[in-house]
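Student: Sharing a structure with you now.
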Amino acid sequence: MRTLSELHAEGGEARIFANMFVTPLHGGDWGTAKDHWTRTVEHVANNVKELEAMPVAEAARTAENLARSLCSNLATVGRCWACAYALR
Numbered sequence: 000m001r002t003l004s005e006l007h008a009e010g011g012e013a014r015i016f017a018n019m020f021v022t023p024l025h026g027g028d029w030g031t032a033k034d035h036w037t038r039t040v041e042h043v044a045n046n047v048k049e050l051e052a053m054p055v056a057e058a059a060r061t062a063e064n065l066a067r068s069l070c071s072n073l074a075t076v077g078r079c080w081a082c083a084y085a086l087r
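Quick note on numbering that gives the first Met the number 0: the sequence shown kicks off at 0 and runs consecutively.
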């Protein structure tokens, strides 16, 4: 799993995602945003049963991509999954 800092450093769409996740959703609080990103990816990795059949590296990439999709979709309505479910 790539951290938010790694996504930001990557540039392009990854940086746009990181900025969106940190600034509007978490008020610029990188610490909270990093924690919520990690929790979201871990939740996806631990609960999507289809990942169990994949090689570890592929499962990790897929979990990250699914988490990004979830976070991006929720961001369109100004929500963070972890904030909404008080997983802080």
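Backbone N, C-alpha and C define an ideal beta-carbon position, used for all residues, glycine too.
(1) Helix, strand or coil: how does DSSP classify Met19 here?
(2) By DSSP, does Arg1 sit in helix, in strand, or in coil?
(3) Mind checking Thr75: buried by the 16 CB within 10 Å criterion, or exposed?
(4) Counting only the same chain and skipping the five closest in sequence on each side, list residues whose C-beta sits under 7 Å from that of Met53.
(5) Is Ala74 near the ligand NAP - that is, is its Cβ less than 8 Å away from at least one heavy atom of it?
(6) Determine the DSSP secondary structure at Thr75, reduced to helix, strand or coil.
Tutor: In short, the structure shows the following:
(1) Shown here, Met19 sits in a helix according to DSSP, grouped into three states.
(2) In this structure, Arg1 counts as coil in the three-state DSSP scheme.
(3) Classification of Thr75: exposed, given that the 10 Å Cβ count is below 16.
(4) Within the same chain, Cβ atoms closer than 7 Å to the Cβ of Met53 are found at Thr61, the five residues on either side in sequence being excluded.
(5) This structure lacks the ligand NAP, and indeed carries no ligand of any kind.
(6) When secondary structure is reduced to three states using DSSP, Thr75 falls in the coil class, being assigned neither helix nor strand.
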